[in-house]
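Have a look at the structure below, then the notes.
In the UniProt record's numbering, the protein residues as written are 1 to 363.
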């Protein structure tokens, strides 16, 4: 267990005569025995990733002998290389992006699913009245080139028949995307529903959404991935990590209010009692839950990836993105580590009822 400065001062201030730092010998030994593991998110530490922070805060990984460090990301496209090269044991990213990376000889395997529903789309302020793909022609649309929405943009253009040359694409750092939309420097932007909607809702703004999925671009979205070497050589580590994360995911599903507080306590950027930050986390967490509710997960356990949807994602990557040399499906994903963490029927019904209003919908 890593002791940060605040925790250190707390322990030191209450230390007894037998322990100058307030850390007992068993605590020190336990911390030393934990295996350090690094996880990279695909984006900022928003409520869409509460399950990871809850898993750490609740000790679900520590119980399995893991000391997990969670780092923010800069788009799914920038998760591939550090995971492939072993800088991170695990990474969360969009599956279509992972497949694109795998076609470029990066050895990555999805070992648990998070979002079977695809939240990728083009979003705009409701006041602009942009409700269909052709409305984007003649407009400035912002993108982060490392994000899944930009990498799937060619698929969206092909599927909808819009004139790509009539769309002025403005690329920028992911941190600027929401800012330029709110300040009306662009009319729309590519993004993930769970990244943009919570921030705008917390600011009292309404949005219109054009989801790629509604135009035939079927794809499994966020997955937990590891390098092929990690999956092959360290199956016990993969199992422990997946089980801990799925426990975190289940806790979020069943205890949303408490999970918001755990997330707020875990991320220093969200601390300080800012009500808007709390709403951003709350909305993001709710959207993330809504994106995970599909029958195959209910039947087979949290993290399960439907092989038919995996194949549909491969077809999207091949047919719309023009990606060749994709590895076979059994190299790209495995359900070997999922299925032990489940939600019963009554719990599932309650989660669905609470999440219905956050389901992705057309404008």
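A virtual CB, placed ideally from N, CA and C, is assigned to each residue, including glycine.
Cut-off 7 Å between Cβ atoms - residues of its own chain near residue 128, not counting five sequence neighbours on either side:
Cβ within range, chain order: 187.
Please look up how many angstroms separate the CB atoms of residue 370 and residue 244, rounded, as I've assumed it's under 8 Å.
Look at the range of the chain in this structure, 1 to 363, and you will see that residue 370 is not part of it.
Label residue 75 either buried or exposed according to how many other C-beta atoms from any shown protein chain fall within 10 Å of its C-beta, with 16 as the threshold for buried.
buried
For residue 286, which of 306, 201, 321 has the nearest alpha-carbon?
Nearest to residue 286 by alpha-carbon distance, out of 306, 201, 321, is 201.
Considering only C-alpha positions, which residue in the set 346, 308, 314, 300 is nearest to residue 336?
If we check each option's Cα against that of residue 336, 300 comes out closest.
Through-space distance from residue 33 to residue 24, alpha-carbon basis
Low local confidence applies: a pLDDT of 35 at residue 24 is under 50, so the model's placement there is unreliable, with the coordinate-based value given in what follows. Taken atom to atom, the span from the alpha-carbon of residue 24 to that of residue 33 is near 14 Å.
Do residue 132 and residue 210 count as a contact pair if the criterion is CB distance below 8 Å?
yes
Since I believe residue 205 is in contact with residue 191 (beta carbons under 8 Å), could you give me their beta-carbon distance rounded to a whole number of angstroms?
Wrong, their Cβ atoms sit about 14 Å apart, outside the cutoff.
Counting along the chain, where does the alpha helix (DSSP H) carrying residue 196 start and finish?
Its alpha helix (DSSP H) spans residues 193 to 202.
CB contact flag (residue 217, residue 51, <8 Å):
no
Cutoff 8 Å; reference residue 82; Cβ partners in own chain excluding five residues on either side:
Counting only Cβ-Cβ distances below 8 Å, and skipping sequence neighbours, we find 40, 88, 91.
How far does the beta strand (DSSP E) with residue 223 in it reach, from first residue to last?
222 to 227
For residue 276, count neighbouring Cβ atoms within 10 angstroms of its own Cβ and tell me buried if that reaches 16, exposed if not.
exposed
For residue 223 and residue 257, what's the separation of their Cα atoms in angstroms?
24 Å
Please identify the residue among 290, 240, 261 whose C-alpha is closest to the C-alpha of residue 279.
261
Taking Cβ positions, are residue 54 and residue 283 nearer each other than 8 Å?
no
To the nearest angstrom, how far is the alpha carbon of residue 333 from that of residue 115?
14 Å
Look at the alpha carbon of residue 100 and the alpha carbon of residue 35, and state the distance between them as a whole number of angstroms.
If I take the Cα positions, the gap works out to 31 Å.
Suppose the cutoff is 8 Å on Cβ atoms and the five residues either side in sequence are ignored; what does the same chain contact list for residue 343 look like?
250, 253, 254, 298, 302, 351
Residue ranges of each alpha helix (DSSP H) within the segment 88 to 154, 4 or longer
Within the segment 88 to 154, the complete alpha helix (DSSP H) runs of at least 4 residues are 95 to 102, 148 to 151.
Compare the Cα-Cα distances from residue 95 to each of 194, 135, 225 and report the closest residue.
Selected option, being the one with the closest Cα: 225.
Does residue 84 pass the burial test, meaning 16 or more other C-beta atoms within 10 Å, or should it be called exposed?
buried
If you follow the alpha helix (DSSP H) that residue 376 is in, where does it begin and where does it stop?
No statement about residue 376 is possible, as the shown extent of the chain runs from 1 to 363 and does not include it.
According to DSSP, is residue 349 helix, strand or coil?
DSSP places residue 349 in the helix class (H, G or I) of the three-state scheme.
Which ranges would you report for the beta strand (DSSP E) in the segment 151 to 184 if only whole runs of at least 3 residues count?
168 to 171
Going by CA-CA distance only, name the one from 141, 66, 71, 61 that's closest to residue 46.
71
Could you pull the DSSP bridge partners for residue 188 from this structure?
141
So residue 97 and residue 148 are supposed to be a Cβ contact under 8 Å. How far apart are they, rounded?
5 Å
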